[in-house]
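Q: One point on numbering: in the working numbering, the residue at position 63 of the sequence shown is 201, and numbering is uninterrupted. For each residue, glycine too, the CB sits at the ideal point set by N, CA and C. Following this message is one structure expressed as structure tokens.
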Amino acid sequence: MDEAKRTYRDVETETKKDVRGIDGTDVKDAIGNAGDEARKDLGNMGDDLRHGSLDRETDKETETTVRQPETTWPR
């Protein structure tokens with residue numbers, strides 16, 4: 139499902155960008171395109187984070203060890 143949503147966001151963003159460019163580009167078009175790209179990237183990142191949290195839940199249910207990243211932060 140995440141791949142379908144990712145593909146939909148990509149197509150939606152490219153379509154909007156193409157439609158905005160029909161009559162030439164100006165500052166409003168550039169701002170709109172940047173906003174669309176940010177929205178798309180945040181949506182994809184949210185799906186990736188959600189997918190990662192679901193993987194952790196599955197790991198907890200099967201009692202496998204999930205390796206935590208090592209921190210280099212001073213204690």
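Under a CB-based cut-off of 9 Å, is arginine 188 close to chain D?
A: The chain inventory of the structure shown lacks chain D, comprising one protein chain alone.
Q: How about lysine 178 and threonine 151: are their beta carbons less than 9 Å apart?
A: Result yes, Cβ atoms of lysine 178 and threonine 151 sit closer than 9 Å.
Q: Quick one: give me the first and last residue of the alpha helix (DSSP H) that aspartate 164 is part of.
A: Looking at the DSSP string, aspartate 164 is not in any alpha helix (DSSP H), and its letter there is neither H nor E.
Q: Alpha carbon to alpha carbon, how far is glycine 190 from glycine 184?
A: 10 Å
Q: Going by other Cβ atoms of all chains shown within 10 Å of its Cβ, with 16 needed for buried, is arginine 147 buried or exposed?
A: Burial call: buried.
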